[in-house]
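A.B. asks:
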Amino acid sequence: MMFPPDSGNTGDSGALVAELQAQLYRYAEDLYVLMSEHDELQQRYRALDRSYRSISDYRDLLTTLMYSASEAYLSTSSGQITSATRSAAVLFGSDELVGQNLRGLIAAESLAAFDEMQGEISAGDNVRSGGGRLIGLVNASGEVVEALVWIIDDFSVGAEAEQLHWLVRPMIQDRIHIYDRDQSRQELGGEAVFYADGNGRLLVVNDSFCRISGYQPEECLGQPMRILKSGVQGEHFYRMFWEALKGNGSWQGEIVNRRKSGELYPEWLSVASSRDSSGEIVGYFGKFHDLSRLHESEGHLSKLAYYDVLTGLPNRHIFQDRLKMAMSQARRSNTQMGLFFIDLDRFKQVNDTLGHDVGDELLKVVAQRLASVTREMDTVARLGGDEFTVILPNLSHERDAHAIATKILEVFQPPVQVGAHLLFPSPSIGIAMFPSHGTDEATLIRRADMAMYHAKGDGGNAFRVFEADDEGDTRVFSLESAFRQALDRGELYLVYQPQLSADGQTLHGVEALLRWRSPDFGDVSPNVFIPIAEWSGAIVEIGRWVIRTACAQMAAWREAGCHVERVAVNISPRQLRDANFTALVIEELEHSGLPAEALELEITESELMLYPESTLMKLDELRKRGLSIAIDDFGTGYSNLARLRTLPVDRIKVDRSFVQDLEHDGDAQAISTCIVTMAKVMKLDVVAEGVETAGQLRHLVDQGCTSVQGFLFAQPMLPASIENWIGLLTTQTGETNVA
Amino acid sequence: MRKILIVDDQPDIRRLIHLTLGKRYEIHEASNAADALLLAAEQKPDAVILDVMMPGDLNGMDVLQRIRADAELKGTFVVMVTAKGQQADFETAIDAGADGYLIKPFSPLQLMSLLQEHFGS
Numbered sequence: 001m002m003f004p005p006d007s008g009n010t011g012d013s014g015a016l017v018a019e020l021q022a023q024l025y026r027y028a029e030d031l032y033v034l035m036s037e038h039d040e041l042q043q044r045y046r047a048l049d050r051s052y053r054s055i056s057d058y059r060d061l062l063t064t065l066m067y068s069a070s071e072a073y074l075s076t077s078s079g080q081i082t083s084a085t086r087s088a089a090v091l092f093g094s095d096e097l098v099g100q101n102l103r104g105l106i107a108a109e110s111l112a113a114f115d116e117m118q119g120e121i122s123a124g125d126n127v128r129s130g131g132g133r134l135i136g137l138v139n140a141s142g143e144v145v146e147a148l149v150w151i152i153d154d155f156s157v158g159a160e161a162e163q164l165h166w167l168v169r170p171m172i173q174d175r176i177h178i179y180d181r182d183q184s185r186q187e188l189g190g191e192a193v194f195y196a197d198g199n200g201r202l203l204v205v206n207d208s209f210c211r212i213s214g215y216q217p218e219e220c221l222g223q224p225m226r227i228l229k230s231g232v233q234g235e236h237f238y239r240m241f242w243e244a245l246k247g248n249g250s251w252q253g254e255i256v257n258r259r260k261s262g263e264l265y266p267e268w269l270s271v272a273s274s275r276d277s278s279g280e281i282v283g284y285f286g287k288f289h290d291l292s293r294l295h296e297s298e299g300h301l302s303k304l305a306y307y308d309v310l311t312g313l314p315n316r317h318i319f320q321d322r323l324k325m326a327m328s329q330a331r332r333s334n335t336q337m338g339l340f341f342i343d344l345d346r347f348k349q350v351n352d353t354l355g356h357d358v359g360d361e362l363l364k365v366v367a368q369r370l371a372s373v374t375r376e377m378d379t380v381a382r383l384g385g386d387e388f389t390v391i392l393p394n395l396s397h398e399r400d401a402h403a404i405a406t407k408i409l410e411v412f413q414p415p416v417q418v419g420a421h422l423l424f425p426s427p428s429i430g431i432a433m434f435p436s437h438g439t440d441e442a443t444l445i446r447r448a449d450m451a452m453y454h455a456k457g458d459g460g461n462a463f464r465v466f467e468a469d470d471e472g473d474t475r476v477f478s479l480e481s482a483f484r485q486a487l488d489r490g491e492l493y494l495v496y497q498p499q500l501s502a503d504g505q506t507l508h509g510v511e512a513l514l515r516w517r518s519p520d521f522g523d524v525s526p527n528v529f530i531p532i533a534e535w536s537g538a539i540v541e542i543g544r545w546v547i548r549t550a551c552a553q554m555a556a557w558r559e560a561g562c563h564v565e566r567v568a569v570n571i572s573p574r575q576l577r578d579a580n581f582t583a584l585v586i587e588e589l590e591h592s593g594l595p596a597e598a599l600e601l602e603i604t605e606s607e608l609m610l611y612p613e614s615t616l617m618k619l620d621e622l623r624k625r626g627l628s629i630a631i632d633d634f635g636t637g638y639s640n641l642a643r644l645r646t647l648p649v650d651r652i653k654v655d656r657s658f659v660q661d662l663e664h665d666g667d668a669q670a671i672s673t674c675i676v677t678m679a680k681v682m683k684l685d686v687v688a689e690g691v692e693t694a695g696q697l698r699h700l701v702d703q704g705c706t707s708v709q710g711f712l713f714a715q716p717m718l719p720a721s722i723e724n725w726i727g728l729l730t731t732q733t734g735e736t737n738v739a
Numbered sequence: 740m741r742k743i744l745i746v747d748d749q750p751d752i753r754r755l756i757h758l759t760l761g762k763r764y765e766i767h768e769a770s771n772a773a774d775a776l777l778l779a780a781e782q783k784p785d786a787v788i789l790d791v792m793m794p795g796d797l798n799g800m801d802v803l804q805r806i807r808a809d810a811e812l813k814g815t816f817v818v819m820v821t822a823k824g825q826q827a828d829f830e831t832a833i834d835a836g837a838d839g840y841l842i843k844p845f846s847p848l849q850l851m852s853l854l855q856e857h858f859g860s
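Those sequence lines, one after another, are chains C and B. Numbering-wise, my numbering puts 687 at position 687 of the first sequence, and it's gapless, one number per residue. Every position in the second sequence, counted from 1, becomes a number in my numbering once 739 is added.
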């Protein structure tokens, strides 16, 4: 690829390719975001689909129950049954109703009434308006079942009187076991369905119910639903459960129940209440399926207990699940979500002095109090010990969270009587908000926890919202204060990395790199402390120290007969803006006695492009005195090539990110080829940074790059090691090669 | 359909922005400041996506200033686009009356939402 010297700012250059590439990556990132949202929507769709199916199941169940438990329909033609609903079969205890004479199924004492009904219909009277007749029916076992019977003519307008439709409503609400004749359904682990009356007593169960629970129909029918209760869910759970059925009218979720054998098993349960016209609950429809096999296959058996046994609150497992859900819901609906971490003040003292039984009782009361002030959609969970958490979805403002936290503080006010002890519990509440304090679970949890500790530190019985200062920022703070003293304490030092000819034979110079070894923090990465130095302003003083130290080192090497051509030091924008910068550099140079040619200043590309002319003039002035200027991290910024040609620059350094990708990324190859070619056109030297493999080197040599720096040849070294290293290089290649 | 004027000297970037916005808006493109001003006067766009760095005598900032000084165009919604880390440009652009500011590489979703917020989707 060639660059005409006057090509100027056309699209055909490395920097523009890089910019476009960066822009394309940005598009890819957004695409990824959209795809994740798509995934989330799909999951939501699936959840909706599942609930739709549950609703359909309920409808089917209702139909089943309507036919089986209450009413039966029959049609007769000249007294012969021509069709019967399944419920009729249940009612009469016979599957072979069709073809029988209905009159034959009527108890002897009701025959007169039955005949009278038929007489009325032939006389054209409206039988329905008079209400049903109480008729005795004989079922297959010979028992008499009393039922209200109507003849309904609505369906047979204009039909002959011989064709009659009958509605039969048994007077005795019998308990019914629905036989699931479909074997395949059972084998597939069919769903248990049941119907219980308003008092929770089981009236209808199916085969699967019996199979899963282990109870025979005669053992469970008429019994309260709680025969299945395992005790794993606490009181709190059941209070929520019944409240949901009375309020919403339905509940669904995973619970642990107990089989007749005593074995615990997880089930996915859906229950809905049914009401009469006055709104009174008259019964409960329910269905569940056994999850134990599913859990076994998922290896989740150990997580059988999803609820905390002591308080009946969800445990950590469910908490995490709910948190995830609440966050994605908040993300979708653009609302906020609050996360509370709650810890009891001085709880350990209660346990230690009054014993665990008292502590446990206290925790139960605390759980109840927390549950009593939170909203239905909130999740109160116990994470362990005296640690509770509340997830508050769907908040429109942080102050909504404050209001709930205030309520929690209030509800804790009354003392708690446990046995002979009167306890005064108080909470410390830490609050973190999604998304303002964190957009991932770990951060949100950590920050709520952090805020909770601060609340406790403030004396407890208080809530505190996370503040940026609470966190890690304490680490930055202490790092910062430690760094402030680093220079005075002599904790900063320089290492030097050789820059060589591409054949590795000739030393062109070294780059001085700043290091910090802190007694408290160990070796701290420049990526961490340089930004601290930048914004604290310390960089100006440190930068000067770097120049002085590097120059002094160069002079020392030369004195010791170890000739290093040039040392490059990194200059920060803040140093360069300093009005005295030029004078200062010259002063340090003169102080060391080094010739100006021995010092090179490295400035990153992105910063160089930002400087106003006045700053560039400083560089130009230094350059005229003999110093050289290198552009660092070249290829990562957005360079105006036309302007690059006017900059006072001797050398550009190809950013390590391109070098790293040279062997397997065509774009990186193209970009570095561009840079090297362009540099040649502009008569600039090129140094490739971060050369680590022979493959990378080969590419660079092919492209015409003449100078390299990287682990392949030498890592950054302390001054003494540099001397040894240069010694080895000269013995190998002869002194003349050290340029 | 609302009109958007894209001003960027790089055809590839213009094309990307065109792809991003073309389904919702009528797009006009200019590759330099002079063309941008001519097109703006002619088309009266509802919004201008304006690259700061452009070759020629005038850059994006100059275009912005002229739009703000023009009686007919001064209400135009202007989003400035510039390279990473040029904080100074950001401040200059806001001072000069830019309504929005994007840093390259910019997020296409952000660009869309900037416009949607302004136009009330």
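Beta carbons: idealized from backbone N, C-alpha and C, even for Gly.
Provide the residue span of the alpha helix (DSSP H) that contains serine 213(C), from first to last.
C.D. replies: Locating residue 213(C) in the first sequence gives position 213, counting from the first residue. Run containing serine 213(C): 207-213, per the alpha helix (DSSP H) assignment.
A.B. asks: Assess, as a yes-or-no matter, whether the region 336-345 of chain C is touched by the region 279-286 of chain C under the definition of 3 or more beta carbon pairs within less than 8 Å.
C.D. replies: With the cut-off at 8 Å, the region 279-286 of chain C and the region 336-345 of chain C do not touch.
A.B. asks: With H, G and I counted as helix, E and B as strand and the rest as coil, what does DSSP make of valine 232(C)?
C.D. replies: Along the first sequence, one-based indexing puts residue 232(C) at 232. Valine 232(C): coil per DSSP, three-state reduction.
A.B. asks: What are the start and end residues of the beta strand (DSSP E) that includes histidine 289(C)?
C.D. replies: Translated into positions along the first sequence, residue 289(C) becomes position 289. From DSSP, the beta strand (DSSP E) with histidine 289(C) extends over 281-290.
A.B. asks: Would valine 818(B) and aspartate 796(B) be called neighbours here (beta carbons separated by less than 8 Å)?
C.D. replies: For the purposes of this step, residue 818(B) is taken as residue 79 along the second sequence, with counting starting at 1. For the purposes of this step, residue 796(B) is taken as residue 57 along the second sequence, with counting starting at 1. No, Cβ-Cβ distance for valine 818(B) and aspartate 796(B) is not below 8 Å.
A.B. asks: Per DSSP, what kind of secondary structure is tyrosine 265(C) in: helix, strand or coil?
C.D. replies: Translated into positions along the first sequence, residue 265(C) becomes position 265. DSSP places tyrosine 265(C) in strand when its eight states are reduced to three.
A.B. asks: Which residue's Cα is closest to the Cα of asparagine 570(C): Ala720(C), Ile631(C), Ala442(C), Ser87(C)?
C.D. replies: Against the first sequence, residue 570(C) aligns to sequence position 570. Asparagine 570(C) has its Cα closest to that of Ile631(C), out of Ala720(C), Ile631(C), Ala442(C), Ser87(C).
A.B. asks: Going along the chain, which residues of its own chain have a beta-carbon closer than 8 Å to the beta-carbon of arginine 544(C), five neighbours each way excluded?
C.D. replies: Your numbering for residue 544(C) matches position 544 in the first sequence. Contacts found: Gln575, Leu584, Glu588.
A.B. asks: Flag leucine 16(C) as yes if its beta-carbon sits less than 8 Å from any beta-carbon of chain B, otherwise no.
C.D. replies: The sequence position of residue 16(C) within the first sequence is 16, counting from 1. True, the Cβ-Cβ gap to chain B drops below 8 Å.
A.B. asks: Taking only beta-carbon positions, decide if phenylalanine 829(B) is within less than 8 Å of chain C.
C.D. replies: The count along the second sequence starts at 1 and reaches residue 829(B) at position 90. By this cut-off, phenylalanine 829(B) is not an interface position.
A.B. asks: Indicate whether proline 716(C) and tyrosine 493(C) have their beta-carbon atoms separated by less than 8 Å.
C.D. replies: Sequence index remark: in the first sequence, residue 716(C) carries index 716 (1-based). Sequence index remark: in the first sequence, residue 493(C) carries index 493 (1-based). Contact: no.
A.B. asks: Between which two residues does the alpha helix (DSSP H) containing aspartate 620(C) stretch?
C.D. replies: Counting from 1 along the first sequence, the entry for residue 620(C) is found at position 620. Taken as a continuous stretch (DSSP letters only), the alpha helix (DSSP H) holding aspartate 620(C) covers 613-624.
A.B. asks: Using CA atoms only, rank isn't needed, just tell me which of Leu513(C), Ile532(C), Val681(C), Gln223(C) is closest to alanine 482(C).
C.D. replies: Indexing the first sequence from 1 puts residue 482(C) at position 482. Among Leu513(C), Ile532(C), Val681(C), Gln223(C), the Cα nearest to that of alanine 482(C) belongs to Ile532(C).
A.B. asks: In the DSSP assignment, what residue or residues form a beta bridge with glycine 247(C)?
C.D. replies: On the first sequence, position 247 is the one that residue 247(C) refers to. Bridge partners of glycine 247(C): none, in fact.
A.B. asks: Closer than 7 Å to a non-hydrogen atom of the ligand SAM - does that hold for the CB of alanine 147(C)?
C.D. replies: With respect to the ligand SAM, the structure shown offers nothing to examine, as it has no ligands at all.
A.B. asks: Using 10 angstroms around the beta-carbon of alanine 18(C), count the other beta-carbons present and answer buried if the total reaches 16, otherwise exposed.
C.D. replies: To locate residue 18(C), count along the first sequence from 1; it is residue 18. When all chains shown are included, alanine 18(C) counts as buried.
A.B. asks: Serine 770(B) touches chain A at which residues, Cβ-Cβ below 7 Å?
C.D. replies: Looking at the structure shown, chain A is missing, and the protein chains on hand are C and B.
A.B. asks: For arginine 574(C), would you say it is in contact with chain B, using Cβ-to-Cβ distances shorter than 8 Å as the test?
C.D. replies: Position 574 of the first sequence holds residue 574(C). False, the Cβ-Cβ gap to chain B never drops below 8 Å.
A.B. asks: Taking DSSP as the reference, what is the three-state secondary structure of glutamate 511(C)?
C.D. replies: Mapped onto the first sequence, residue 511(C) falls at position 511. Here DSSP, grouped into helix, strand and coil, assigns glutamate 511(C) to strand.
A.B. asks: For valine 416(C), does the three-state DSSP call read helix, strand or coil?
C.D. replies: Indexing the first sequence from 1 puts residue 416(C) at position 416. If DSSP states are grouped into helix, strand and coil, valine 416(C) belongs with the strands.
A.B. asks: Do you know offhand how far glycine 490(C)'s Cα is from aspartate 503(C)'s?
C.D. replies: For this step, residue 490(C) is matched to residue 490 along the first sequence. For this step, residue 503(C) is matched to residue 503 along the first sequence. So the two alpha carbons sit approximately 37 Å from each other.
A.B. asks: According to DSSP, is aspartate 473(C) helix, strand or coil?
C.D. replies: As a first step, residue 473(C) must be located in the first sequence, where it is residue number 473. Any reading at aspartate 473(C) must be qualified, since the residue scores a pLDDT of 45, below 50, and its modelled position is unreliable; the value itself is stated next. Aspartate 473(C): helix per DSSP, three-state reduction.
A.B. asks: Going by beta-carbon coordinates alone, are leucine 395(C) and phenylalanine 319(C) separated by less than 8 Å?
C.D. replies: The residue labelled residue 395(C) in the question sits at position 395 within the first sequence. The residue labelled residue 319(C) in the question sits at position 319 within the first sequence. No.
A.B. asks: Taking the straight line between their C-alpha atoms, what separation do you get for isoleucine 722(C) and alanine 512(C)?
C.D. replies: Taking the first sequence and counting its residues from 1, one reaches residue 722(C) at position 722. Taking the first sequence and counting its residues from 1, one reaches residue 512(C) at position 512. One C-alpha to the other measures close to 11 Å.
A.B. asks: Below 8 Å between beta carbons: does that hold for alanine 326(C) and isoleucine 404(C)?
C.D. replies: Sequence index remark: in the first sequence, residue 326(C) carries index 326 (1-based). Sequence index remark: in the first sequence, residue 404(C) carries index 404 (1-based). It is not a contact, given that the beta carbons lie outside the stated cut-off.
A.B. asks: Below 8 Å between beta carbons: does that hold for asparagine 139(C) and glycine 93(C)?
C.D. replies: As a position in the first sequence, residue 139(C) is number 139, starting the count at 1. As a position in the first sequence, residue 93(C) is number 93, starting the count at 1. The answer is yes: Cβ separation under 8 Å.
A.B. asks: Which residues of the region 31-43 of chain C have a Cβ closer than 8 Å to any Cβ of chain B? Give them in chain order.
C.D. replies: Val33, Leu34
A.B. asks: What residue from Leu148(C), Ser13(C), Arg226(C), Gly198(C) has the CA that sits closest to tyrosine 73(C)'s CA?
C.D. replies: Stepping through the first sequence from its first residue, residue 73(C) is reached at position 73. Ranking Leu148(C), Ser13(C), Arg226(C), Gly198(C) by Cα distance to tyrosine 73(C) puts Leu148(C) first.
A.B. asks: DSSP on phenylalanine 829(B), reduced to helix/strand/coil?
C.D. replies: For this step, residue 829(B) is matched to residue 90 along the second sequence. Helix, per DSSP.
A.B. asks: Can you give me the C-alpha to C-alpha distance between valine 528(C) and tryptophan 516(C), rounded to a whole angstrom?
C.D. replies: Residue 528(C) sits at position 528 when you count from the first residue of the first sequence. Residue 516(C) sits at position 516 when you count from the first residue of the first sequence. Rounded to whole angstroms, valine 528(C) to tryptophan 516(C) spans 10 Å at the Cα level.
A.B. asks: Which residues in the same chain as methionine 225(C) place their Cβ atom closer than 7 Å to its Cβ, once the five residues preceding and following it in sequence are excluded?
C.D. replies: On the first sequence, position 225 is the one that residue 225(C) refers to. Excluding positions up to five away in sequence, the list reads Ala196, Gly200, Leu202.
A.B. asks: For a test of the three-state rule: what should DSSP assign to glutamine 223(C), helix, strand or coil?
C.D. replies: Residue 223(C) sits at position 223 when you count from the first residue of the first sequence. Residue state, collapsed to three classes: coil.
A.B. asks: Where aspartate 665(C) and serine 657(C) are concerned, what is the direct C-alpha to C-alpha distance, given to the nearest angstrom?
C.D. replies: Position 665 of the first sequence, counted from the start, is the residue given in the question as residue 665(C). Position 657 of the first sequence, counted from the start, is the residue given in the question as residue 657(C). Near 11 Å, if we compare the C-alpha coordinates of serine 657(C) and aspartate 665(C).
A.B. asks: Please report the Cβ distance between isoleucine 32(C) and proline 844(B), rounded to the nearest whole angstrom; I am assuming they are in contact, meaning their Cβ atoms lie under 8 Å.
C.D. replies: As a first step, residue 32(C) is located in the first sequence; it is residue number 32 there, counting from the start. As a first step, residue 844(B) is located in the second sequence; it is residue number 105 there, counting from the start. A small fix is needed here, since residue 32(C) is tyrosine in this sequence, not isoleucine. Actually they are not in contact, since the Cβ atoms of tyrosine 32(C) and proline 844(B) sit about 14 Å apart, beyond 8 Å.
A.B. asks: Pick helix, strand or coil for proline 847(B), following the three-state DSSP scheme.
C.D. replies: By 1-based counting over the second sequence, the position of residue 847(B) is 108. If DSSP states are grouped into helix, strand and coil, proline 847(B) belongs with the helices.
A.B. asks: Is leucine 841(B) close to chain C, meaning its C-beta is less than 8 Å from at least one C-beta of that chain?
C.D. replies: As a position in the second sequence, residue 841(B) is number 102, starting the count at 1. The beta carbon of leucine 841(B) does not come within 8 Å of any beta carbon belonging to chain C, so the residue lies off that interface.
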